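Working notes for the structure below.
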Amino acid sequence: MIHIAIIGSGPSGCYIADMLAKKLPDSHVDLFERLPTPFGLVRAGVAPDHQHTKNITRQFERTLSRENVRFVGNVHIGTDLSYAELKEHYHIIVFASGAPIDRKLGIPGESLDGVYGSGEFSRWYNGHPDNADLNPLISENIAVIGNGNVALDILRVLSKEKELLLKSDISQTALDKISNANIKNIYIIGRRGAADANFTPMELQEVMSQPNLTFHIDTSDIPESPPEHIPEERLRNTAKNLEILHNTKTQASAPNGGIIHIHFLFNRPISTITSDTSRVSNIELTVNNATSSLATSSKNLLPLNVGTVISAIGYVSAPVPNVPFNNNSGIFEHHNSLIEPGVYAVGWCKRGANGVIPSNRVDATTLSKDIIADLENTVPLPHKEGFSCISTLFNERNIKPVSYNDWQVINKAEIDRATTGKPREKITTVSKMLNLLN
Ligand SMILES: Cc1cc2nc3c(=O)[nH]c(=O)nc-3n(C[C@H](O)[C@H](O)[C@H](O)COP(=O)(O)OP(=O)(O)OC[C@H]3O[C@@H](n4cnc5c(N)ncnc54)[C@H](O)[C@@H]3O)c2cc1C
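Sequential numbering of the sequence shown, starting at 6, is according to my numbering.
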């Protein structure tokens with residue numbers, strides 16, 4: 006029997022578990038997850054109004070219910086179990102632990118109240134136990150720093166009409182807070198030009214079609230077509246994004262005038278966040294000289310009066326004690342996924358925080374082939390005990406792992422308590438989840 010431990014039950018953990026369990030019938034896969042709930046960012050990152058994206062969990066449910074796969078929730082590798090213990094009891098270890106830490110802007114004022122990373126902010130509205138109590142300061146004027154889909158998610162969640170969010174699985178606390186916030190202006194701020202934005206056209210168009218918004222876009226700073234430096238594989242998306250931005254009805258032409266004003270500011274790196282109190286009140290934007298026509302104009306510095314700043318500029322992974330980690334890149338130290346013999350990384354903790362859910366499938370496909378090839382070259386395999394030894398450690402340490410059946414209990418409770426057409430009302434503390442199981 007080949008004993009396999011996977012750390013993390015997000016997309017990459019679920020994909021690699023499925024592939025190895027199928028291709029290696031003489032194996033047992035234990036999928037460790039620090040939360041009592043599976044699915045990583047699909048549950049706690051993907052925006053609550055994008056239920057079509059979250060539907061991938063149906064496929065992952067099938068993986069978790071496979072005979073030779075065991076979900077081991079509520080177990081934090083590095084705290085509850087050490088890396089050395091995993092190595093002792095498993096033939097193969099795969100880290101699929103994602104990248105949960107917000108990258109810092111690295112500018113003065115970042116630690117003021119009212120400044121958040123998109124990771125913690127999206128975990129808050131998604132009811133993740135780590136940030137369910139964030140209680141962010143949401144002011145009338147909000148700056149979202151970043152030009153990727155996460156920035157658009159945050160803009161959408163903050164500005165979407167309440168009736169529409171009532172059909173999502175947004176946490177009720179977040180919904181109440183956002184809908185009572187009286188938001189007037191949201192600034193989407195990119196340090197580079199519109200052509201360099203990482204929005205996907207579908208997500209950009211979705212925002213631009215929201216009837217309750219009025220858009221402010223300085224089209225003189227947006228090229229008509231992709232400039233030369235845009236790589237081939239991004240040309241189509243870039244051309245479409247530019248077209249959408251040019252065609253969006255701005256304040257002057259919007260038929261009824263929206264109630265929230267959305268300002269797209271390109272080529273505007275944020276330089277400082279300031280305040281006279283402990284709470285952010287202003288930010289200052291400079292000009293990206295490399296690509297902007299603004300650089301030659303008089304509009305060099307742009308001060309903005311905002312009471313909330315949300316940075317959506319990427320994430321780094323969390324190190325696990327004694328697992329080689331590259332502090333510069335913020336991912337595990339590896340060579341083509343291999344951390345050391347028998348130990349691998351996949352997904353965001355391997356390649357950094359980029360790519361959509363299906364990108365992790367591609368990653369897992371390659372890795373599953375490599376693992377099988379490595380196993381074929383390791384004969385004979387040493388004897389290891391896998392979960393039977395681990396469960397002894399759990400008993401000694403009074404650790405109560407959450408099984409797949411336990412997750413079904415939590416899942417049902419969340420679905421049962423949902424009202425107003427919501428698909429579920431998430432339970433937002435670990436203790437409440439565990440209480441359901443006693
Ligand atoms: C805000 C946001 C919105 C997104 N929206 C979309 C979208 O709409 N569509 C799309 O295709 N992609 C989206 N993505 C990208 C997508 O979520 C990622 O590609 C994908 O989740 C990465 O998968 P992963 O398994 O590597 O990491 P994760 O999904 O982060 O999973 C990692 C898992 O490991 C667990 N874990 C971490 N450390 C430990 C430990 N030490 N012990 C045990 N368990 C541990 C975590 O709790 C987590 O469950 C979004 C990302 C973000 C941040």
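C-beta: ideal position from N, C-alpha, C; glycine also. Just so we're clear, the structure is a prediction, and the values are computed from it rather than from any experiment.
message = ligand 1 and residue 225: does the residue's C-beta get closer than 7 Å to at least one heavy atom of that ligand?
response = As a position in the sequence shown, residue 225 is number 220, starting the count at 1. Residue 225 Cβ: outside cutoff for every heavy atom of ligand 1.
task = Any chance you could list the beta strand (DSSP E) runs of at least 3 consecutive residues sitting entirely within the segment 91-115, in chain order?
result = 97-100
task = Take residue 182 and list the residues in its own chain whose beta-carbon comes closer than 8 Å to its own, dropping the five residues that flank it on each side.
result = Position 177 of the sequence shown, counting from 1, holds the residue named residue 182. Hits under 8 Å: 140, 141 and 143.
Residue environment, residue 443, which counts as buried when at least 16 other CB atoms sit within 10 Å = Mapped onto the sequence shown, residue 443 falls at position 438. Exposed: under 16 other Cβ atoms inside 10 Å.
ask   = Between the segment 318-326 and the segment 88-104, do three or more beta carbon pairs fall short of 8 Å?
value = yes
inquiry  = I'd like the list of long-range same chain contacts for residue 110, defined as Cβ closer than 6 Å, with 5 residues on each side in sequence excluded.
reply    = On the sequence shown, position 105 is the one that residue 110 refers to. Around residue 110: 316.
ask   = Taking all protein chains shown into account, do 16 or more other C-beta atoms lie within 10 angstroms of the C-beta of residue 318, making it buried, or fewer, making it exposed?
value = Along the sequence shown, read from residue 1 onward, the residue named residue 318 stands at position 313. When all chains shown are included, residue 318 counts as buried.
message = Can you look up residue 61 in the DSSP assignment and give me helix, strand or coil?
response = Locating residue 61 in the sequence shown gives position 56, counting from the first residue. Residue 61 falls in the helix class under three-state DSSP.
task = Given a cut-off of 8 Å, decide if residue 265 and residue 218 are closer than it, judged by their beta-carbon atoms.
result = Residue numbering aside, residue 218 sits at position 213 when the sequence shown is read from its first letter. Residue numbering aside, residue 265 sits at position 260 when the sequence shown is read from its first letter. Result yes, Cβ atoms of residue 218 and residue 265 sit closer than 8 Å.
key: Close-in-space but distant-in-sequence residues of the same chain around residue 302 (CB under 8 Å, 5 per side omitted)   = For this step, residue 302 is matched to residue 297 along the sequence shown. Model confidence at residue 302 stands at a pLDDT of 49, short of 50, so the residue's coordinates are unreliable and nothing is read from them.
query = Leaving out five residues before and five after residue 425 in sequence, what residues of the same chain have Cβ atoms less than 6 Å from its Cβ?
reply = Locating residue 425 in the sequence shown gives position 420, counting from the first residue. Taken in chain order, the residues that qualify are 171.
request  = Could you name the residues of the same chain whose beta carbon sits closer than 7 Å to that of residue 4, not counting the 5 residues immediately before and after it, in chain order?
outcome  = This structure gives no information on residue 4, because the portion of the chain shown stretches from 6 to 443.
ask   = So, helix, strand or coil for residue 246, using DSSP?
value = Taking the sequence shown and counting its residues from 1, the one referred to as residue 246 is at position 241. Helix, per DSSP.
query = Are residue 220 and residue 255 close, meaning C-beta to C-beta below 8 Å?
reply = Position 215 of the sequence shown, counting from 1, holds the residue named residue 220. Position 250 of the sequence shown, counting from 1, holds the residue named residue 255. Taking 8 Å as the Cβ cut-off, residue 220 and residue 255 qualify as a contacting pair.
query = When we look at the beta-carbon of residue 431 and count the other beta-carbons within 10 Å, is it buried (16 or more) or exposed?
reply = Here residue 431 is taken as the residue at index 426 of the sequence shown, counted from 1. Residue 431 comes out buried.
query = Based on Cα-Cα distance, which residue from 133, 126, 167 and 175 lies nearest to residue 155?
reply = Taking the first residue of the sequence shown as 1, we reach residue 155 at position 150. Nearest option by C-alpha distance: 126.
task = Verify the contact flag: residue 398, CB atom, against every heavy atom of ligand 1, threshold strictly below 7 Å.
result = Along the sequence shown, read from residue 1 onward, the residue named residue 398 stands at position 393. No; taking the cut-off as 7 Å, the Cβ of residue 398 has no heavy atom of ligand 1 nearer than that.
request  = With DSSP as the reference, label residue 397 as helix, strand or coil.
outcome  = In the sequence shown, residue 397 corresponds to position 392, counting from 1. In this structure, residue 397 counts as helix in the three-state DSSP scheme.
request  = Drop a sphere of 10 angstroms on the beta-carbon of residue 356, count the other beta-carbons inside from all chains shown, and report buried for 16 or more, exposed for fewer.
outcome  = Indexing the sequence shown from 1 puts residue 356 at position 351. When all chains shown are included, residue 356 counts as buried.
query = What are the residues that DSSP puts in a beta bridge with residue 290?
reply = Counting from one through the sequence shown, the residue named residue 290 turns up at place 285. In DSSP, residue 290 forms a bridge with 275 and 307.
ask   = If residue 394 sits next to residue 96, beta carbons under 8 Å apart, how far is it from one beta carbon to the other, in whole angstroms?
value = Here residue 394 is taken as the residue at index 389 of the sequence shown, counted from 1. Here residue 96 is taken as the residue at index 91 of the sequence shown, counted from 1. Going by Cβ atoms, the distance from residue 394 to residue 96 rounds to 13 Å, so no, they are not a contact pair.
key: Sequence-distant residues of its chain with Cβ nearer than 6 Å to residue 269 (five each side left out)   = Residue numbering aside, residue 269 sits at position 264 when the sequence shown is read from its first letter. Cβ within range, chain order: 193 and 222.
ask   = When the distance is taken between beta carbons, is residue 30 closer than 8 Å to residue 76?
value = The residue you call residue 76 lines up with position 71 of the sequence shown. The residue you call residue 30 lines up with position 25 of the sequence shown. Taking 8 Å as the Cβ cut-off, residue 76 and residue 30 do not qualify as a contacting pair.
task = May I have the straight-line CA-CA distance separating residue 164 from residue 340, to the nearest angstrom?
result = The residue you call residue 164 lines up with position 159 of the sequence shown. The residue you call residue 340 lines up with position 335 of the sequence shown. Taking the straight line joining both Cα atoms gives about 43 Å.
task = Report the rounded CA-to-CA distance for residue 92 versus residue 49, giving the unit in angstroms.
result = In the sequence shown, residue 92 corresponds to position 87, counting from 1. In the sequence shown, residue 49 corresponds to position 44, counting from 1. Going from the Cα of residue 92 to the Cα of residue 49 covers about 29 Å.
ask   = CB residue 20 to CB residue 366, shorter than 8 Å?
value = On the sequence shown, residue 20 is found 15 positions in, with the first residue counted as 1. On the sequence shown, residue 366 is found 361 positions in, with the first residue counted as 1. Yes, Cβ-Cβ distance for residue 20 and residue 366 is below 8 Å.
query = Do residue 132 and residue 107 have their C-beta atoms closer together than 8 Å?
reply = By 1-based counting over the sequence shown, the position of residue 132 is 127. By 1-based counting over the sequence shown, the position of residue 107 is 102. No, these two residues do not count as a Cβ contact at 8 Å.
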